[in-house]
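S.K.:
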Amino acid sequence: MLDGVLRHLQEPTVNEDVWLHLLGQNLQYQLNNSEPSQWPTLLDSLELPFHYTLHTSQAIQIDPSADMSDVDIIYDHSDEANLYVRLNRHHSFITFGPLPDHTSVDTFPTIIRWIPAIFYGAIFVLVAVWIRPLLIDIERLNKALQQFSDNYQSPLPELKNRSALTGLATSIDSMASKIRSLINLQKELTGVLSHELRTPLARIHFSIALLKNELGNHNELHAIKQDIQDIDELLDTILNFTKLDQPDVPVNPQSIPAKEWMDDIIHKFKRTATFTKKSINISVNIPDKIKFFADPTLLSLAANNLIANAGRHTKTRINISIGKKNSQFIYLSVEDDGEGVMTEDQQIIFEPFKRSGNKEYVSKQNTIGDEGRGYGLGLAIVKRVITLHKGKISVQPSADLGGALFTLSIPTEEKQL
1 MLDGVLRHLQ
11 EPTVNEDVWL
21 HLLGQNLQYQ
31 LNNSEPSQWP
41 TLLDSLELPF
51 HYTLHTSQAI
61 QIDPSADMSD
71 VDIIYDHSDE
81 ANLYVRLNRH
91 HSFITFGPLP
101 DHTSVDTFPT
111 IIRWIPAIFY
121 GAIFVLVAVW
131 IRPLLIDIER
141 LNKALQQFSD
151 NYQSPLPELK
161 NRSALTGLAT
171 SIDSMASKIR
181 SLINLQKELT
191 GVLSHELRTP
201 LARIHFSIAL
211 LKNELGNHNE
221 LHAIKQDIQD
231 IDELLDTILN
241 FTKLDQPDVP
251 VNPQSIPAKE
261 WMDDIIHKFK
271 RTATFTKKSI
281 NISVNIPDKI
291 KFFADPTLLS
301 LAANNLIANA
311 GRHTKTRINI
321 SIGKKNSQFI
331 YLSVEDDGEG
341 VMTEDQQIIF
351 EPFKRSGNKE
361 YVSKQNTIGD
371 EGRGYGLGLA
381 IVKRVITLHK
391 GKISVQPSAD
401 LGGALFTLSI
411 PTEEKQL
């Protein structure tokens, strides 16, 4: 019983004075019923926790004016707190103490102090062991979904049957399969339609040629021919974009002499740029012996679209320059003296069918038959080609001409190898 009382003394939520009084009563009861000669043996036999010490005292310091006749138990609140218990039979006090502070952690045995830490540590270990496989599966799914966003043909991982995420992974895989089917169907449909439209267009071309022989250079015939050429150009653009939007587009890089290559591009532009009647002055600045390391077909496709875009929006001037950037990249820049691209639109114009918010730019892009008309796919094709070559493309205001300055960069042969 004494042992239980002492344990309760360590609980800060229990009234300390009540338990001290109970402790004193227990000591008083046991010692009053024994002779002083038996006290040492009795005290030694008491199983007291916390290494308390008991000893008798014939005199204690008490206020002389205090009436102690009815006082049996005194608790001294000094630095060395003691409990004094009156032994009525022997007219003396026994001192129990010094008492430890019940809030002191040092009074607890080491094992008791470590029990909370051990308990919570064990819970943490169990939770970690249980959750680790779940975190691994989540990370695998996350990486697979990131790869899927870059390449929709990428397979998703198969999780173990006992994994908590097996159902989720199965649902995601089913969704990915449907997405692949829809994308492939859309691409196949676009390609088939583009090819099938070529046949009636060819017949119209033939009919126009026959009518031209009979009617001569009639204005309406010329307009029809121009519209058909526009449709042909649109079909070519759609086919090119569809081919480039595949995840496994083959890229066969080789060394391309920049100066000769650009001369061919500009010659083709001047010969085929039927969308403009403006007189455009093209200035070219290309050092000798500089070379691209890229797929010639893809790079020519990108350059044609970039220069055609400048041709649609320029007033009279286009500057083209090619050079090396910090020995790791070869750059091609095309700038014009047109209306330019708004800052907030400098990223979205590289997305399919996205155009700048510039009113003049939009009106030119959307007017059928106007010399500034475009389809919203040219810059998307350029970006796709540059991405396939692990390069970069950017647009900013032209400091020299006041229009837009497009710059594409492709790694050098040394960097790619």
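Per full-length UniProt numbering, residue 1 is the first one in the sequence shown, and the count goes up by one each step.
Quick reminder that beta carbons are idealized off the backbone N, C-alpha and C, glycines included.
1. If I measure Cβ to Cβ from Asn-305 and keep anything under 6 Å in the same chain, skipping five residues before and after, which residues do I get?
2. Roughly how far, in whole angstroms, is the beta-carbon of Ala-144 from the beta-carbon of Pro-157, given that I think they are within contact range, below 8 Å?
3. Do you know whose CA, among Lys-187, Asn-326, Asn-285, lies nearest Ile-238's CA?
4. Mark Ile-179 as exposed unless 16 or more other C-beta atoms lie within 10 angstroms of its C-beta, in which case mark it buried.
5. State the start and end residues of the unbroken beta strand (DSSP E) segment that holds Asn-285.
6. Kindly indicate which residue of Glu-260, Gln-30, Leu-332, Lys-268 has the alpha-carbon position closest to the one of Asn-405.
7. With Thr-242 as the anchor, note down where its alpha helix (DSSP H) starts and where it stops.
8. Comparing alpha-carbon positions, which option in Gly-167, Leu-141, Gln-246, Arg-203 lies nearest Leu-185?
9. With contact counted as at least three CB pairs below 8 Å, one residue from each stretch, are the stretch 339 to 348 and the stretch 396 to 413 in contact?
10. By alpha-carbon positions, which one of Ile-123, Ile-231, Asp-263 ends up nearest to Ile-322?
11. How is Tyr-152 classed by DSSP in three states: helix, strand or coil?
12. My understanding is that Lys-291 touches Ile-256, with C-beta atoms under 8 Å, so please give their C-beta distance in whole angstroms.
13. Looking at the structure shown, is Glu-139 part of a helix, part of a strand, or coil, going by DSSP?
14. Where does Ser-409 land, buried or exposed, given buried means 16+ other C-beta within 10 angstroms?
15. Sorted by chain position, which residues of the same chain lie with C-beta nearer than 6 Å to Arg-198's C-beta, five sequence neighbours on each side aside?
16. For the alpha helix (DSSP H) containing Leu-298, name the first residue and the last one.
17. Could you check where the alpha helix (DSSP H) with Gly-167 kicks off and where it finishes?
18. For the alpha helix (DSSP H) holding Leu-388, just list the boundary residues, first then last.
19. Does DSSP classify Arg-355 as helix, strand or coil?
M.R.: Quick look at the numbers:
1. So the list reads Gly-378, Ile-381, Val-382, once near-sequence residues are dropped.
2. About 5 Å separates the Cβ atoms of Ala-144 and Pro-157, confirming a contact at the 8 Å cut-off.
3. Lys-187
4. exposed
5. 281 to 285
6. Residue identity differs from the one stated: residue 405 is Leu in this sequence, not Asn. For Leu-405, the nearest C-alpha among the options comes from Leu-332.
7. The continuous alpha helix (DSSP H) containing Thr-242 extends over residues 219 to 244.
8. Gln-246
9. Result yes; three or more Cβ-Cβ pairs closer than 8 Å.
10. With distances taken between Cα atoms, Ile-322 lies closest to Asp-263.
11. coil
12. Right, their Cβ atoms sit about 6 Å apart.
13. helix
14. buried
15. Taken in chain order, the list of residues that qualify is empty.
16. 296 to 313
17. 166 to 215
18. 378 to 388
19. Arg-355 falls in the coil class under three-state DSSP.
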